[in-house]
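Counting from 53, one number per residue, gives the positions in the sequence shown under the working numbering.
Down below is the structure, laid out as structure tokens.
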Amino acid sequence: MPADITAKLAELDAFIEAEIKPLERENIQYFDHRREWARTDWENDGRMNLKWRAVVAEMERRADKAGHLRLGLPKSCGGQGASNLMIAVVREHLAAKGLGLHNDLQDENSVVGNYPIAPMLADYGTPEQKTYIDGIITGEKNLAFALTEPAHGSDATWMDTSAVRDGDHWVINGMKCWNGRVRRAHGNLVFARTSGKAGDAKGITAFIVPTSTPGHNILFNHWTFNMPADHSQVEFKNVRVPHSAILHQEGEGLVVAQRFVHENRIRQAAASAGAARYCITEAAKYAKSRIAFGEPLSKKQAIQFPLAELYADSEMVRNYIFRTAWEMDRRDPLEISDMVSICNFRANRLVCEAADRAMQIHGGVGYSRHMPFEHIYRHHRRYRITEGTEEVQIRRVSQYLFGFSGKTANTTAFSAA
Ligand SMILES: Cc1cc2nc3c(=O)[nH]c(=O)nc-3n(C[C@H](O)[C@H](O)[C@H](O)COP(=O)(O)OP(=O)(O)OC[C@H]3O[C@@H](n4cnc5c(N)ncnc54)[C@H](O)[C@@H]3O)c2cc1C
């Protein structure tokens, strides 16, 4: 591991102890067994409680002041342009510390910020559109992401939402669902078909639509396995936006969407690998201290073997993630989508198995909210669905393995060190 990365981890640990842990202790109801109840505004459609949001915002403010929040952002976004390897290692490390304000799972807020839309805006945005970058980081001008529809998720290129040109304007009609954070967003990045036919990769256009535009109607919130939730169903009824609302180019919206998921898939995988490592370590620790039938649980092979197997998987997945991130720093990341997908589906599956095993080894208390495993399970279970489902990731690996669309598997192709 390069020395600058290990030094960064030590720096982050010291910062978290000094600045974030005291804030967490002052607001412990958001982290102990009451967490889901305390965070959720149940009477307001299950949204995040404003006081909880303020605690998260204070964590981010402190992290920004200390120079950590923008570590992973490109220099053009005021960031430090950290490598994919650095960010993967940081994400894994923060998740392996367990639940806490330093790296909150629910809304993916962390002392090292996770802003997949920002690099997209930096690459494709006009100066006006780039004003969203700082807005997203400070929370003052958020941009939501609207790709999925009630009838089309994995097959997004079959979307029904359309935009039709009318002079200097476009008129958008359709319906989106799971539109994350849209209720607190100033703008919504909406993908709509502008040409071509269902299933075509070309002909989808990305529009930045101010959420105050007439016809942009938020209908309801989807309540989820882990609450609070901020994922809405949104109707677009004759929504009129100027031509300048297009992000990147007309018909090239899929490139923008791919940039988003690519950025997120490897980071999500690293977070899952870290959380899996945490669950395995905690379960092993508990098994050594819990006495059953007159001796520690850790003496039983039925306890040892599943955990040892998870540990072996965790070490392999973790190292494969780091290697893939290292490759991403040396090649066009889009060329090694198969490797990124392998990281994603294996790590997301692993953390669910590790959290489940940790609950089992802890017995009754493992099932309780006094332990962190149920929360880890609830959160990470979502990753098997969200950045392209597990099946979509495996489908991507198959494309490379079987050579569909001229692709070749990358797993044996090392670039020069
Ligand atoms: C908490 C949460 C947050 C989200 N946030 C956002 C957001 O901010 N913006 C946004 O646009 N979307 C968001 N989504 C939506 C998410 O991206 C979709 O749920 C996901 O892409 C899957 O689409 P779907 O739900 O329509 O499932 P479907 O596409 O209907 O799939 C159903 C099942 O069929 C499987 N399947 C589909 N096609 C194939 C195939 N070819 N081969 C094998 N199996 C297949 C899938 O893997 C899945 O298991 C979010 C979802 C959740 C749960």
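Beta carbons: idealized from backbone N, C-alpha and C, even for Gly.
Looking only at its own chain, which residues have a Cβ that is under 7 Å from the Cβ of residue i, when we skip the five neighbours before and after it?
i, result
"Asn-194", "Gly-187, Ile-188, Arg-233, Arg-236, Ala-237, His-238"
"Pro-358", "Arg-409"
"Arg-302", "Checking the displayed sequence, the identity of residue 302 turns out to be Glu instead of Arg. So the qualifying residues of the chain are Thr-246, Thr-257."
"Tyr-363", "Ile-332"
"Gln-81", "Ala-90"
"Asn-166", "Glu-160, Arg-319"
Residues in its own chain within less than 8 Å of residue i by CB, not counting five upstream and five downstream?
i, result
"Glu-471", "Beyond the ends of the chain as shown, which are 53 and 469, falls residue 471; an answer cannot be given."
"Ile-169", "Tyr-184, Ile-188, Leu-195, Phe-197, Leu-241, Phe-312"
"Val-417", "Met-423"
"Arg-434", "Thr-276, Phe-277, Asn-278"
"Cys-404", "Tyr-429, His-432, Arg-433, Arg-436"
"Glu-315", "Pro-168, Pro-171, Met-172"
"Asn-400", "Gln-320, Ala-321, Ser-324, His-432, Tyr-435, Arg-436, Glu-442"
"Phe-83", "Glu-76, Leu-151, Gly-152, Leu-153"
"Val-392", "His-314, Arg-317, Ile-318, Ala-321, Thr-376, Met-380, Pro-385"
"Ser-128", "Ala-174"
"Ala-109", "Gly-191"
Taking only heavy atoms of ligand 1 into account, decide whether any of them is closer than 8 Å to the Cβ of residue i.
i, result
"Gly-305", "no"
"Ser-206", "yes"
"Thr-200", "yes"
"Glu-438", "A small fix is needed here, since residue 438 is Thr in this sequence, not Glu. Indeed, a heavy atom of ligand 1 lies less than 8 Å from the Cβ."
"Phe-288", "no"
"Ala-196", "yes"
"Asn-231", "yes"
"Glu-443", "yes"
"Arg-447", "yes"
"Arg-434", "yes"
"Ala-281", "yes"
"Thr-276", "yes"
"Lys-351", "no"
"Lys-459", "no"
"Lys-103", "no"
"Lys-228", "yes"
Buried or exposed: residue i, going by 16 or more other Cβ atoms within 10 Å of its Cβ?
i, result
"Ser-467", "Summary for Ser-467: the model assigns pLDDT 48, below 50, so the residue's position carries little reliability; its value from the coordinates is reported in the next sentence. By the neighbour-count rule (16 or more Cβ atoms within 10 Å), Ser-467 is not buried but exposed."
"Lys-60", "buried"
"Ile-72", "buried"
"Trp-94", "exposed"
"Ile-343", "exposed"
"Val-164", "buried"
"Ala-469", "With a pLDDT of 41 at Ala-469, under the threshold of 50, the modelled position of that residue is not reliable, and the figure given next carries that caveat. With fewer than 16 other Cβ atoms within 10 Å, it is exposed."
"Lys-352", "exposed"
"Pro-266", "exposed"
"Tyr-330", "buried"
"Glu-192", "exposed"
"Ile-439", "Correcting the residue type first, residue 439 is Glu in the shown sequence and not Ile. Classification of Glu-439: buried, given that the 10 Å Cβ count is 16 or more."
"Ala-62", "exposed"
"Glu-201", "buried"
"Thr-92", "buried"
"Glu-347", "exposed"
"Ala-250", "exposed"
"Met-227", "buried"
"Leu-146", "buried"
"Val-216", "exposed"
Check the Cβ-Cβ distances between residue i and every residue of chain B, and say whether any is below 9 Å.
i, result
"Arg-113", "Of the protein chains in the structure, only one exists, and it is not chain B."
Quick one: what's got a C-beta closer than 6 Å to residue i's C-beta in the same chain, skipping five residues either side?
i, result
"Ala-474", "Coverage of the chain is limited to positions 53 through 469, which leaves residue 474 absent and any answer about it impossible."
"Arg-370", "Ala-325"
"Ile-388", "Glu-379, Asn-462"
"Asp-97", "Asn-273"
"Phe-67", "Ala-118"
"Gln-132", "Leu-123"
"Leu-125", "Gly-131, Ala-170"
"Trp-222", "Ala-215, Val-293"
At a cut-off of 8 Å, would you count residue i as near ligand 2, judging by its Cβ distance to the nearest heavy atom?
i, result
"Met-100", "Here the bound small molecules are ligand 1; ligand 2 is not part of this structure."
Entirely enclosed alpha helix (DSSP H) segments - the segment 385 to 447, minimum 4 residues | DSSP runs (the alpha helix (DSSP H)) wholly in the segment 385 to 447: 389 to 414, 416 to 419, 425 to 435.
Could you name each continuous alpha helix (DSSP H) segment of 4 residues or more that falls completely within the segment 136 to 169, going from the start of the chain to the end?
-> As summarised for the segment 136 to 169, the continuous alpha helix (DSSP H) elements at least 4 residues long and confined to that stretch are 136 to 148, given in chain order.
Whole alpha helix (DSSP H) elements within the segment 322 to 391, 4-residue minimum | Those alpha helix (DSSP H) runs which fall completely within the segment 322 to 391 and span 4+ residues are 353 to 380.
For the segment 96 to 131, which segments carrying the alpha helix (DSSP H) assignment without a break, of at least 4 residues, lie completely within its bounds, in sequence order?
-> Unbroken alpha helix (DSSP H) runs of no fewer than 4 residues, entirely contained in the segment 96 to 131, are found at 102 to 117, following chain order.
Residue ranges of each beta strand (DSSP E) within the segment 282 to 324, 3 or longer | Listed in chain order, the beta strand (DSSP E) runs fully inside the segment 282 to 324 are 283 to 294, counting runs of at least 3 residues.
Whole beta strand (DSSP E) elements within the segment 224 to 291, 3-residue minimum = Listed in chain order, the beta strand (DSSP E) elements of length 3 or more contained wholly in the segment 224 to 291 are 239 to 245, 256 to 262, 268 to 273.
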